[in-house]
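**Student:** Residues in the sequence shown are numbered from 1168 upward in steps of one, following this note's numbering.
The structure that follows is given in the form of structure tokens.
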Amino acid sequence: MGIKVYKGNIISSKSYDELSVINRGYVVVEDGKILEVSDSLSDEYAGEDIKDYGDKLIIPAFSDLHMHAPQYTQRGIGMDCLLFDWLNGYTFPQESNYKDNEYARAVYARLIRDFIRHGSLQVNLFTTIHYDACDILYRYLKESGLYAYTGLTNMDMNSPDYYVDETEESLRKTEEFIINHNSDDKVKLILIPRFAPTCSKRLMEGLGEFAKKYDLGVHTHLVESRAEADWSRELYPECGSDGAIYEKYGLLQGSGPKIFAHVIFPTEVEERILKEYNGISVHCPDATSNVTAGIMPVSDMADKGLKIALGTDVGGGHFMGIYRQIARATQISKMKEFYEEGYRRIRLANAFYLATVGGGSAFDRIGKIEKGYRFNALVIDNMLDEEYMTSLEDALERFCYIGDDRNIYERYIDGKLIDPDEVYERLLKI
Ligand code: GUN
Ligand code: FE
């Protein structure tokens, strides 16, 4: 690919608290990797072709670390429900549709187009119990060029008759899926027990064996609501807490990422486990507002050095853009501070860090516009006001609050432009 130079207003996280902002700076990229980021171009690159984005912003692409691919079709529906009513009334019936491969093909092609449109170029996806639908999603992800984790979802109890697997069948299908779908650099496999209440001890034990045998990480829901945390403890009294189930049954033994959605009521046990196993907690502010699960104590967890990312949790969440979760995480942290004495809100720079660096930590050298990182990036347009002076930080904040996919002018993965409609047309052909 050779060397490419991009010029624009570069915004990336320096740390959890601080943005790095370079006015009309340069990013030098060679073979998809960033060689240099600076406010004036080094002499050695002076002769290279420069793509000048003017006053547009260049930012890292977003990571959506908790999303349910099959729930794409139920965005914005059933939002009056609490978690369990929403699962039983909307989600399980809807997910059971994926026994139909044509349905899966149609929805998953649109889903991937939408991820690209909204600039989520690294994703971690829940699926369903249907082998063929999971296979379609895996192949679409490979074809798309996105960075992703996915696999086959497990549930063998406390689920409706029309949407549940028998324990040994669930394990057999999972192992077959693992054997037939190699992890590669971009699309990787992960174990997906839905959550403790829908997974038997024998199922957890079997998945624990796969974690070790195939060296896989795990993606699940953890202490999402008080009712869920209580139910998990009742079902697994020998574990004493939701997080301890995954530890005891061996699901944290692989080297892949341990990704836990929501983590709204972590006890000291969950905090120890998250730390010890380098777990990533995924904050999904739209979703936990919609199903009234609660609000993740982000600033407390960040103070304790725990890793945090953002997720849309569509269809618990209703909107595909992670940038809006940056705004929402900031908003609802203010409500938590308002109602809860001693809690400290987060700021936009913190939430931006979670959406880029936090989520990017599940992948390799992704999440910053910085030397050594992959050039997975977005070019953001039309957020600077011409009528009065707006700072670059203001432009980023405004994009998170009022921007949408129309303001994402261009998208790069590994230094290559990616076009949502071109990818969609390709997916329809495979
Ligand atoms: N817990 C178990 N399944 C789900 C799901 O599909 N969405 C959310 N938000 N929580 C869950
Ligand atoms: Fe979820």
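Quick reminder that beta carbons are idealized off the backbone N, C-alpha and C, glycines included.
At 4 residues or longer, what runs of the alpha helix (DSSP H) sit wholly inside the stretch 1284–1322?
**Tutor:** Correct list: 1298–1311.
**Student:** According to DSSP, simplified to helix, strand and coil, what is residue 1578?
**Tutor:** Translated into the one-based positions of the sequence shown, residue 1578 becomes position 411. The answer is strand: DSSP assigns residue 1578 an E or B state.
**Student:** Express the C-alpha separation of residue 1300 and residue 1125 in angstroms, rounding to a whole number.
**Tutor:** Past the edges of the chain, shown from 1168 to 1597, lies residue 1125, and the structure says nothing about it.
**Student:** Please report the straight-line C-alpha distance between residue 1457 and residue 1386, rounded to a whole angstrom.
**Tutor:** Sequence index remark: in the sequence shown, residue 1457 carries index 290 (1-based). Sequence index remark: in the sequence shown, residue 1386 carries index 219 (1-based). If you take the alpha carbons of residue 1457 and residue 1386, they lie about 21 Å apart.
**Student:** Using 8 Å as the threshold, is the C-beta distance between residue 1290 and residue 1315 below it?
**Tutor:** The residue you call residue 1290 lines up with position 123 of the sequence shown. The residue you call residue 1315 lines up with position 148 of the sequence shown. In this structure, residue 1315 lies closer than 8 Å to residue 1290 by Cβ.
**Student:** Go to residue 1197, then tell me how far its beta strand (DSSP E) extends in each direction, as first and last residue.
**Tutor:** For this step, residue 1197 is matched to residue 30 along the sequence shown. First-last of the beta strand (DSSP E) with residue 1197: 1186–1197.
**Student:** Should the stretch 1213–1221 be regarded as contacting the stretch 1232–1246, the criterion being three or more beta carbon pairs within less than 8 Å?
**Tutor:** No, they do not touch.
**Student:** Output the boundary residues of the beta strand (DSSP E) element that contains residue 1222.
**Tutor:** As a working mapping, residue 1222 is identified with position 55 in the sequence shown. Element bounds for residue 1222: 1217–1227.
**Student:** Can we count residue 1405 as close to the ligand GUN, meaning its CB is less than 7 Å from some heavy atom?
**Tutor:** As a first step, residue 1405 must be located in the sequence shown, where it is residue number 238. Incorrect: residue 1405 has no Cβ contact closer than 7 Å to the ligand GUN.
**Student:** Verify whether the separation of the beta carbon atoms of residue 1485 and residue 1286 is less than 8 Å.
**Tutor:** In the sequence shown, the residue the question calls residue 1485 occupies position 318. In the sequence shown, the residue the question calls residue 1286 occupies position 119. No, they are not a contact pair.
**Student:** Assess, as a yes-or-no matter, whether the stretch 1394–1407 is touched by the stretch 1466–1474 under the definition of 3 or more beta carbon pairs within less than 8 Å.
**Tutor:** Flag = no, the stretch 1466–1474 and the stretch 1394–1407 do not touch.
**Student:** Along the chain, where does the alpha helix (DSSP H) that runs through residue 1182 open and close?
**Tutor:** To locate residue 1182, count along the sequence shown from 1; it is residue 15. Careful: residue 1182 lies outside any alpha helix (DSSP H) and carries neither H nor E.
**Student:** Under three-state DSSP, which class holds residue 1540?
**Tutor:** As a working mapping, residue 1540 is identified with position 373 in the sequence shown. Residue 1540 falls in the coil class under three-state DSSP.
**Student:** Can you give the beta carbon distance from residue 1346 to residue 1356, rounded, assuming they're within the 8 Å contact cut?
**Tutor:** Counting from one through the sequence shown, the residue named residue 1346 turns up at place 179. Counting from one through the sequence shown, the residue named residue 1356 turns up at place 189. Incorrect: roughly 10 Å between the Cβ atoms, too far for contact.
**Student:** If you measure from the beta carbon of residue 1378 to each beta carbon in chain D, is any gap under 8 Å?
**Tutor:** Of the protein chains in the structure, only one exists, and it is not chain D.
**Student:** Compute every distance between the C-beta of residue 1315 and the non-hydrogen atoms of the ligand FE, then say whether any falls below 7 Å.
**Tutor:** For this step, residue 1315 is matched to residue 148 along the sequence shown. No, since every heavy atom of the ligand FE falls outside the 7 Å radius drawn around the Cβ of residue 1315.
**Student:** Between the alpha carbons of residue 1645 and residue 1508, how many angstroms are there, rounded?
**Tutor:** Residue 1645 is absent from the model: the chain starts at 1168 and stops at 1597.
**Student:** If you measure from the CB of residue 1542, is any heavy atom of the ligand GUN nearer than 7 Å?
**Tutor:** Position 375 of the sequence shown, counting from 1, holds the residue named residue 1542. It does not: the Cβ of residue 1542 is nowhere closer than 7 Å to a heavy atom of the ligand GUN.
**Student:** With contact counted as at least three CB pairs below 8 Å, one residue from each stretch, are the stretch 1176–1189 and the stretch 1515–1527 in contact?
**Tutor:** The stretch 1176–1189 is in contact with the stretch 1515–1527.
**Student:** My guess is that residue 1417 and residue 1358 are in contact by the Cβ rule of under 8 Å, so how many angstroms apart are they, rounded?
**Tutor:** Indexing the sequence shown from 1 puts residue 1417 at position 250. Indexing the sequence shown from 1 puts residue 1358 at position 191. Incorrect: roughly 11 Å between the Cβ atoms, too far for contact.
**Student:** Note down the Cα distance separating residue 1472 from residue 1406, rounded to an integer number of angstroms.
**Tutor:** Translated into positions along the sequence shown, residue 1472 becomes position 305. Translated into positions along the sequence shown, residue 1406 becomes position 239. In a straight line, the C-alpha of residue 1472 is about 24 Å away from that of residue 1406.
**Student:** Quick one: is residue 1404 buried, meaning 16 or more other Cβ sit within 10 Å of its Cβ, or exposed?
**Tutor:** Position 237 of the sequence shown, counted from the start, is the residue given in the question as residue 1404. Classification for residue 1404: exposed.
**Student:** Tell me, to the nearest whole angstrom, how far the beta carbon of residue 1212 is from that of residue 1196; I am working on the premise that it is less than 8 Å.
**Tutor:** Numbered from 1 along the sequence shown, position 45 holds the residue referred to as residue 1212. Numbered from 1 along the sequence shown, position 29 holds the residue referred to as residue 1196. No, residue 1212 and residue 1196 are not in contact; Cβ-Cβ is about 10 Å, not under 8 Å.
**Student:** Who are the near neighbours of residue 1412 in its chain, counting only those whose CB is closer than 6 Å to its CB and skipping five residues on each side?
**Tutor:** If you number the sequence shown from 1, residue 1412 lands on position 245. Hits under 6 Å: 1363, 1403 and 1406.
**Student:** At a threshold of 7 Å, does residue 1243 count as lining the ligand FE (C-beta to nearest heavy atom)?
**Tutor:** Reading the sequence shown from its first residue, position 76 is the one you call residue 1243. Because no heavy atom of the ligand FE lies under 7 Å away, the Cβ of residue 1243 does not count as near it: no.
**Student:** Buried or exposed, going by whether 16 or more other CB atoms sit within 10 Å of the CB of residue 1271?
**Tutor:** One-based indexing of the sequence shown puts residue 1271 at position 104. Classification for residue 1271: buried.
**Student:** Verify the contact flag: residue 1252, CB atom, against every heavy atom of the ligand FE, threshold strictly below 7 Å.
**Tutor:** Taking the first residue of the sequence shown as 1, we reach residue 1252 at position 85. No, the Cβ of residue 1252 stays beyond 7 Å of every heavy atom of the ligand FE.
**Student:** Taking the alpha carbon of residue 1575 as the point to measure from, which residue in 1343, 1441, 1312 and 1225 has its own alpha carbon closest?
**Tutor:** As a first step, residue 1575 is located in the sequence shown; it is residue number 408 there, counting from the start. The option with the nearest alpha carbon to residue 1575 is 1225.
**Student:** My guess is that residue 1360 and residue 1321 are in contact by the Cβ rule of under 8 Å, so how many angstroms apart are they, rounded?
**Tutor:** One-based indexing of the sequence shown puts residue 1360 at position 193. One-based indexing of the sequence shown puts residue 1321 at position 154. Contact flag correct, Cβ pair sits at about 5 Å.
**Student:** Do the CB positions of residue 1537 and residue 1201 come within less than 8 Å of each other?
**Tutor:** Within the sequence shown, the letter at position 370 stands for residue 1537. Within the sequence shown, the letter at position 34 stands for residue 1201. Yes; because the gap between Cβ atoms is below 8 Å, this pair is in contact.
**Student:** Tell me the start and end of each unbroken beta strand (DSSP E) in the stretch 1359–1411 that is at least 3 residues and wholly inside, in chain order.
**Tutor:** As far as the stretch 1359–1411 is concerned, its whole beta strand (DSSP E) runs of at least 3 residues are 1385–1389.
**Student:** Among 1374, 1187, 1255 and 1230, which one has its Cα closest to the Cα of residue 1483?
**Tutor:** Stepping through the sequence shown from its first residue, residue 1483 is reached at position 316. Of the candidates 1374, 1187, 1255 and 1230, the one whose C-alpha sits nearest the C-alpha of residue 1483 is 1255.
**Student:** What residue range does the alpha helix (DSSP H) around residue 1590 cover?
**Tutor:** Translated into the one-based positions of the sequence shown, residue 1590 becomes position 423. Its alpha helix (DSSP H) spans residues 1587–1595.
**Student:** Could you check what DSSP says for residue 1505 in three-state terms: helix, strand or coil?
**Tutor:** Position 338 of the sequence shown, counting from 1, holds the residue named residue 1505. Residue 1505: helix per DSSP, three-state reduction.
**Student:** Determine the burial state of residue 1564: buried for a count of at least 16 other Cβ atoms within 10 Å of its Cβ, exposed for fewer.
**Tutor:** The residue given as residue 1564 occupies position 397 in the sequence shown. Buried is the call here.
**Student:** Spatial neighbours of residue 1264 within its chain, please: CB distance less than 7 Å, with the 5 preceding and 5 following residues excluded, ordered by chain position.
**Tutor:** Here the question's residue 1264 lines up with position 97 in the sequence shown. So the list reads 1270, once near-sequence residues are dropped.
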